[in-house]
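Here's the structure, in structure tokens; my notes come after.
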Amino acid sequence: MRLLTFTTPGAGDRAPRLGADVDGLVLDLGVLADHAGAELPRDLLSFIQAGPAAQETARRLIEADPAARPAGAAHRLEDVTPAAPLRPGKIIGVGLNYVEHVEESSRSLDTDKELPPRPVLFSKPATAVTGPGAPILHNGDLTQQLDWECELAVVIGRTAFRVSEEEAYDHIFGFSIVNDISARDQRRSGQWFFSKGQDSYAPFGPVVVTADEIPDPMALDLSLRVNGVTKQKSNTRHMLFPIACLIADISSGVTLEPGDVIATGSPSGVGAGMVPPEFLVPGDTVEATVEGIGTLANPVVDAR
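Note that my numbering has the sequence shown beginning at -13, numbered continuously upward.
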């Protein structure tokens, strides 16, 4: 399933809805559930927390006869406004997880030139999350080095604590995209929280694709464009620490809960690594694409 959170115009209905993207139509799962007399959570986080039973109900509603759908159950994709799929309990970022990015970071950001022996982890607060089409805030009083990073996002589906790499995939709900926005000039004594955690610094979406529809998340093309010009292009197979390793490492000491998000790291091609360096400015548009998921596009706006 390709699940999203959306709003529709008109009739004062601006409350976010849980939907499924099916062949260019957005099906309102709440409307379908009400029509069928079925119980179904109305937001994606609650849906994930509800476990396999909710997923089976949603699949049954989606696969039902289209001719029997009630009014208001289906919308054209272009007629809805997508939002961030959910607000995670926590977002765990992974630094330096592509070999070529390790090299460019050591050259441009003064990080260690040696490959890290274990995953490099940091966090982003939930308040950093913003949705597709929503602005990335450029506050020139805080940064002149606003940078981009296209990343595959792993959405946790089952509580994970001290799980092995062999068990890791059993705890994944699905996959999405995170653009790990960073104010490179706001690292403080090597700490990344303010650099990466400001409001709007975690564009997320446009959908969450359930794990059963991504046969091999370690073989996905990913790319990023700024104003239509490709800046990043790679494949998840080049991760230094694969997804299973990340889940096992993080859960060795931190409980991962349903709805948590792991941003699995950025390939090379960030603005700080360009010669000369390039950074985002108001008026830019950033598009992050991951194979099998879609494109997450956001404008950059002046926030002073």
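All C-beta atoms in this analysis are idealised placements derived from N, C-alpha and C, irrespective of residue type, glycine included.
Environment of residue i [buried if 16+ CB atoms lie within 10 Å]
i: N213; result: exposed
i: S74; result: Looking at the sequence provided, one finds Pro at residue 74 rather than Ser. Looking at its Cβ environment, which holds 16 or more other Cβ atoms inside 10 Å, P74 is buried.
i: E86; result: exposed
i: E25; result: exposed
i: P192; result: buried
i: R(-12); result: buried
i: A188; result: buried
i: T196; result: buried
i: E135; result: buried
i: A(-3); result: Confidence at A(-3) is low in this model, with a pLDDT of 49, below 50, so its placement is unreliable and no value can be given for it.
i: G37; result: exposed
i: R148; result: exposed
i: D9; result: exposed
i: R223; result: exposed
i: V261; result: exposed
i: S238; result: exposed
i: G23; result: exposed
i: V194; result: buried
i: S175; result: exposed
Coil, strand or helix - residue i by DSSP
i: M225; result: strand
i: K182; result: helix
i: R170; result: helix
i: S175; result: coil
i: G5; result: strand
i: D288; result: strand
i: I236; result: helix
i: P189; result: strand
i: A(-3); result: Note that A(-3) has pLDDT 49, beneath the 50 cutoff, so the model's placement of it is unreliable and the number below is only indicative. Coil at A(-3), not helix or strand.
Whether residue i touches residue j by CB criterion (8 Å)
i: N284; j: V272; result: yes
i: L11; j: R62; result: yes
i: T218; j: G278; result: In the sequence as displayed, the identity of residue 218 is Gln instead of Thr. No, they are not a contact pair.
i: A40; j: P27; result: yes
i: L242; j: A146; result: yes
i: I77; j: A112; result: yes
i: E199; j: V164; result: no
i: P121; j: V267; result: no
i: A69; j: T(-6); result: no
i: Q184; j: A114; result: yes
i: A44; j: A6; result: yes
i: G117; j: F190; result: yes
i: I248; j: A139; result: yes
i: L206; j: P105; result: no
i: L132; j: F265; result: yes
i: S162; j: A234; result: no
i: L101; j: L72; result: no
Contact with chain D by residue i, beta-carbon distance below 8 Å
i: R148; result: Reference to chain D is not applicable here, since this structure consists of a single protein chain.
Residues bridged to residue i (per DSSP)
i: E264; result: DSSP output for E264 lists no bridge partner at all.
i: K219; result: S209
i: R313; result: Here the chain has residues from -13 to 290 only, and residue 313 is not among them.
i: G280; result: V276
i: T271; result: P285
i: V164; result: E137 and F190
i: A249; result: G79 and A139
>> Going residue by residue through the stretch 89 to 161, where are the continuous beta strand (DSSP E) segments of at least 3 residues, counting only ones entirely within it?
In response: 106 to 110, 122 to 124 and 136 to 142
>> I'd like the ranges of any beta strand (DSSP E) spanning at least 3 consecutive residues and lying wholly in the stretch 10 to 97.
In response: 11 to 14, 60 to 62, 67 to 69 and 77 to 81
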